[in-house]
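To start, the structure itself, in structure tokens.
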Amino acid sequence: MGRPNTTLVISETERRDLETILRSRSMPHAVVRRAQIILRSADGESNRAVARACGVSAPIVSLWRTRYQRDGVAGLHSELRPGRPRKHSDDKVAALLQTVLRRKPEVATHWTVRSAAAKTGISKSSVARYFALFAVQPHRSKSCKLSTDQFFVEKVREIVGLYLNPPDKALVLCVDEKSQIQALERTQPILPMGLGYAAGVTHDYFRHGTTTLFAALDIVTRRRDFAMQATPSPPGISEFSQAP
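Here the sequence shown is numbered in our numbering, starting from 28 and rising by one per residue.
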């Protein structure tokens, strides 16, 4: 005969919460399956029918029914398992995150696992785990730029069009600035790093007097011209060029 199976009664608010978990793509699969067990049980299905539909055993269905009746939606999450107690308190972890997110290292441009461990007194392995847990990436930065030029779209189309559909017998040359010029001040404020996203910096910057080298090549005569200019150029300073 077996144990009598009574219908699990849930409220409309609880049903909406369970359906939200069921549709979630970020929840663990085990939690989603437990929400499905509760919803099917609330619809009047027997433990055996729910077990067959969810791919579990009947005692598992009974376990989560009992857990839900006792603890509600919170009871669907796994309980903490016994193990070694935490070595670092919440305040210690918060101090680590505040140090990395709000302050800069004294002798470096960004934090590393070793430098953060030396600053906070937390081991390197623990710092690496906390970085991964909170998605903190001090070693990364993303390029971003918001142009204020009103003809920016037209200029982009003109330049990109030369590469996508160049004229007949045309040669497109791309000239970049001299390498190894360090960017000390970006043209727009840096977007700070946060939990789950990297810092954002613009790809261009102010050089503050550093030199820029320009080069041009004449395909017909093979003449090479070089021009060096101090940027920004104050009045009275002119460019100079040389040709071999």
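A virtual CB, placed ideally from N, CA and C, is assigned to each residue, including glycine.
Next on the checklist: Distance check for A143 and R113, CA to CA, integer angstroms please.
Outcome noted: 19 Å
Item to check | Assigned secondary structure, S142 (DSSP; H/G/I helix, E/B strand, else coil) | outcome: helix
Next on the checklist: Checking 8 Å against the spacing of the C-beta atoms, do L222 and A162 come in under that value?
Outcome noted: yes
Item to check | Sequence-distant residues of the same chain with beta carbon closer than 7 Å to A6, five excluded per side | outcome: Since the displayed the chain opens at 28 and closes at 271, residue 6 lies outside it and no answer follows.
Next on the checklist: So, under 8 Å CB-CB, G102 and K169 are touching, yes? Tell me the CB distance rounded to an integer number of Å.
Outcome noted: About 41 Å separates the two Cβ atoms, so there is no contact after all.
Checklist entry - Below 8 Å, can you find three or more Cβ-Cβ pairs linking the stretch 89-102 to the stretch 33-45? => result yes
Checklist entry - What is the DSSP secondary structure of S170, reduced to helix, strand or coil? => result strand
Checklist entry - Going by C-alpha distance, which of Q96, A145, A159 and W138 is nearest P165? => result W138
Item to check | Inter-residue Cα distance where the pair is K119 and E181 | outcome: 52 Å
Checklist entry - Between the C-alpha atoms of G82 and Q96, what's the straight-line distance to the nearest angstrom? => result 22 Å
Checklist entry - When you compare only the Cα positions, how much space is there between N74 and R60? => result Distance between the alpha carbons of N74 and R60: 14 Å.
Checklist entry - So what does L218 bridge to, in DSSP terms? => result According to DSSP, which records beta bridges pairwise, L218 is partnered with G227.
Checklist entry - Under three-state DSSP, which class holds R130? => result Coil, per DSSP.
Checklist entry - Residues in its own chain within less than 8 Å of A57 by CB, not counting five upstream and five downstream? => result S105
Checklist entry - How about A76 and S84: are their beta carbons less than 8 Å apart? => result A76 places its beta carbon 8 Å or farther from that of S84.
Next on the checklist: So, with DSSP's three-state summary, where would you put E39?
Outcome noted: Three-state result, E39: helix.
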